[in-house]
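Asks: Before we start, here is the structure in question, set down as structure tokens.
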Amino acid sequence: EKGGYDSFMLKEMHEQPQAVRDTMGARIDEENKRVILPELKMSDAELATYDRIYIVACGTSMHAGLVGKDVIEKWTRVPVEVAVASEFRYRDPIYTDKTLMIVISQSGETADTLAALREAKKSNVKVLAITNVVGSSVAREADEVIFTWAGPEVAVASTKAYTSQVVALYLFSLYLAQVKGTMAAAEVAEVVEHLSEIPGKIASMLNNDDQIRRFAEGTKEVSSLFFIGRSLDYAVSLEGSLKLKEISYIHSEAYPAGELKHGTLALIEDNVPVVALATQPDIYEKTVSNIVEVKARGAHVLGFATEGNHDLAKSVDEVIYMPATLPMLTPILTVIPLQLLAYYASVARGLDVDKPRNLAKSVTVE
Ligand code: M6R
245 EKGGYDSFML KEMHEQPQAV RDTMGARIDE ENKRVILPEL KMSDAELATY
295 DRIYIVACGT SMHAGLVGKD VIEKWTRVPV EVAVASEFRY RDPIYTDKTL
345 MIVISQSGET ADTLAALREA KKSNVKVLAI TNVVGSSVAR EADEVIFTWA
395 GPEVAVASTK AYTSQVVALY LFSLYLAQVK GTMAAAEVAE VVEHLSEIPG
445 KIASMLNNDD QIRRFAEGTK EVSSLFFIGR SLDYAVSLEG SLKLKEISYI
495 HSEAYPAGEL KHGTLALIED NVPVVALATQ PDIYEKTVSN IVEVKARGAH
545 VLGFATEGNH DLAKSVDEVI YMPATLPMLT PILTVIPLQL LAYYASVARG
595 LDVDKPRNLA KSVTVE
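Going from the sequence shown to UniProt numbering is simple: count from 1 and add 244.
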């Protein structure tokens, strides 16, 4: 049932091009290059009234939400707050009648996410769920559902669920932008065109994994690893760091690149590995200056840059080049080598990739 792969995680990582394609599926109107979400029960007029969004989730799903926040805010100008479900459910959130709540859960059974959903519903807040499991508690109880069509995810480490959730969030953001009129039709069409090329680009990242594999194998004796990046690169760094901790048991932290010098830089010394994501053009120079700071303290830096970048190689030890796409869409590509890094680091240490210690696939306890 692992389809010839050594582990479910490896199989599921390789299913990502298909999962992403299926999640986009019938939601893209190819002819008019726009998004359609026929599953939404509420009217476009109602959707257009929401002027504030909470995204509530746990773990990897919360990290997908962080990407969603930046994308929704950029494309629709609606302010979004992302919250960890186990915190949010005990808060006294500020709801108005124009607040929309989005819960994200692969399994649709995570106890804290479900409890947050129920709390919101008690306050008459409209809840839209992004989930992978038809018939799950979250799918049944939410007012609206956008399913990710990733297929069953067995490995404890979430991979194809994340990329599908991120796609679902792109689609939702584009749809909201269409409804609110915050993006020109030509802009939407451009994103839609780039989205349709994403599955092929994911496949090429999966098939060219020698470099990340070598880097991962080099972490066998490493006790700590850092990820740095700004804006969307930071959101993806958090996911890379969680994945690494979860299955390789290497301590790691993800830091907003500009925040390092406020404390964490003290931990950087000779040969500490740093993975530096520098794919966002608007803050590229700023990230490079942070990379120079860690290099100066002796860090071994693996940089991520966009294809065609001839600059980053000068400041780092090695570079992984990402296929070019719109800056807003890079997270769905940069996460691939980060998943592979965690995977190969785990394999190199002889660990059980699919069943890390202390963890369960679906966290149904509070
Ligand atoms: O099923 P959910 O998406 O609600 O699960 C949330 C987290 O438990 C989950 O993403 C967890 O962080 C993963 N094991 C990370 O790989």
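Ideal Cβ positions, reconstructed from N, Cα and C, are used throughout, including at glycine.
1) Alpha carbon to alpha carbon, what distance is there between Pro-443 and Lys-342?
2) Helix or strand or just coil, what does DSSP make of Gly-552?
3) Given that a residue counts as buried once 16 or more other Cβ atoms are within 10 Å of its Cβ, and exposed if not, what is Lys-558?
4) Given Ala-456, which residues of its chain have a CB within under 6 Å of its CB, disregarding the five upstream and five downstream residues?
5) Nearest-angstrom Cα distance between Lys-539 and Val-560?
6) Can you tell me the Cα-Cα spacing of Thr-320 and Lys-487, whole angstroms?
7) By a C-beta neighbour count over all protein chains shown, 10 Å radius and 16 as the cutoff for buried, is Pro-517 buried or exposed?
8) Just the C-alpha distance for Val-436 and Pro-575, rounded to the nearest angstrom, thanks.
9) Can you name the residues that DSSP bridges to Thr-375?
10) If we count Cβ pairs, one from each stretch, closer than 8 Å, do we get three or more for the region 315-329 versus the region 444-454?
11) Just checking my contact of Lys-599 with Val-377 at CB under 8 Å: how many whole Å lie between their CB atoms?
12) Suppose you measure from the CA of Asp-309 to the CA of Lys-277; what does that come to, to the nearest Å?
13) How many whole angstroms separate the CB atoms of Leu-415 and Ala-386, which I take to be in contact at a CB cut-off of 8 Å?
14) When burial is assigned at 16 or more other CB atoms within 10 Å of the CB, is Ile-299 buried or exposed?
15) Which residues does DSSP pair with Ser-468 in a beta bridge?
16) Rounded to a whole number of angstroms, what is the C-alpha to C-alpha distance between Val-389 and Asp-477?
17) For the region 264-322, which segments carrying the beta strand (DSSP E) assignment without a break, of at least 3 residues, lie completely within its bounds, in sequence order?
18) With hydrogens ignored, establish whether the beta-carbon of Ser-485 is closer than 8 Å to any heavy atom of the ligand M6R.
19) Whole angstroms are fine: how far does the CA of Val-480 sit from the CA of Thr-257?
20) Are at least three pairs of beta-carbons, each pair with one atom in the region 456-473 and one in the region 368-383, less than 8 Å apart?
21) Can you grab the Cα-Cα spacing for the pair Val-536 / Glu-529, in whole Å?
22) Taking only runs of the alpha helix (DSSP H) that begin and end inside the region 564-594, which ones reach a length of at least 4 residues, in chain order?
23) What would DSSP say about Pro-261, mapped onto helix, strand or coil?
24) I'd like to know whether the C-beta atoms of Leu-420 and Leu-573 end up nearer to each other than 9 Å.
25) Say yes only if the C-beta of Ile-390 is nearer than 8 Å to one or more non-hydrogen atoms of the ligand M6R, and no if none qualify.
26) Following a CB-centred definition, is Leu-603 positioned closer than 8 Å to any heavy atom of the ligand M6R?
27) Exposed or buried, which one is Ala-370 when buried takes at least 16 other CB atoms within 10 Å?
28) Would a C-beta distance cut-off of 9 Å place Met-566 and Ala-549 closer than the cut-off?
29) Using only the heavy atoms of the ligand M6R, determine whether one of them is closer than 8 Å to the beta carbon of Ser-381.
Replies: Reading it off the structure:
1) So the two alpha carbons sit approximately 35 Å from each other.
2) In this structure, Gly-552 counts as coil in the three-state DSSP scheme.
3) Under this definition Lys-558 is an exposed residue.
4) Correcting the residue type first, residue 456 is Ile in the shown sequence and not Ala. Counting only Cβ-Cβ distances below 6 Å, and skipping sequence neighbours, we find Pro-581, Leu-584, Leu-585.
5) Distance between the alpha carbons of Lys-539 and Val-560 is about 7 Å.
6) When only Cα atoms are considered, Thr-320 and Lys-487 end up about 30 Å apart.
7) Residue burial is scored here from C-beta neighbours: Pro-517 has at least 16 other C-beta atoms within 10 angstroms and is therefore classed as buried.
8) Rounded to whole angstroms, Val-436 to Pro-575 spans 16 Å at the Cα level.
9) According to DSSP, Thr-375 bridges with Ser-349, Phe-391.
10) Result no; under three Cβ-Cβ pairs closer than 8 Å.
11) With a beta-carbon spacing of about 20 Å, Lys-599 and Val-377 fall beyond the 8 Å limit used to define contacts.
12) The sequence shown places Gly at residue 309, not Asp. The straight-line gap from Cα to Cα measures roughly 25 Å.
13) No, Leu-415 and Ala-386 are not in contact; Cβ-Cβ is about 17 Å, not under 8 Å.
14) Ile-299 counts as buried, since at least 16 other C-beta atoms from the protein chains shown sit within 10 angstroms of its C-beta.
15) Paired residues: His-495.
16) Each residue's Cα considered, the two are about 28 Å apart.
17) Those beta strand (DSSP E) runs which fall completely within the region 264-322 and span 3+ residues are 296-301.
18) Not under cutoff, so the answer is no.
19) Checking the sequence shown, residue 257 turns out to be Met, not Thr. For Met-257 and Val-480, the distance between alpha carbons rounds to 16 Å.
20) The answer is no - the region 368-383 does not touch the region 456-473, with fewer than three Cβ pairs under 8 Å.
21) Answer to the nearest angstrom: the Cα atoms are 11 Å apart.
22) You should have 575-592.
23) Helix at Pro-261.
24) Their beta carbons are not under 9 Å apart, which means Leu-420 does not touch Leu-573 by this criterion.
25) Flag unset: Cβ of Ile-390 not near the ligand M6R.
26) With a cutoff of 8 Å, Leu-603 counts as near the ligand M6R, since its C-beta is closer than that to a heavy atom of the ligand.
27) Checking the displayed sequence, the identity of residue 370 turns out to be Lys instead of Ala. It counts as buried.
28) Contact: yes.
29) No, the Cβ of Ser-381 stays beyond 8 Å of every heavy atom of the ligand M6R.
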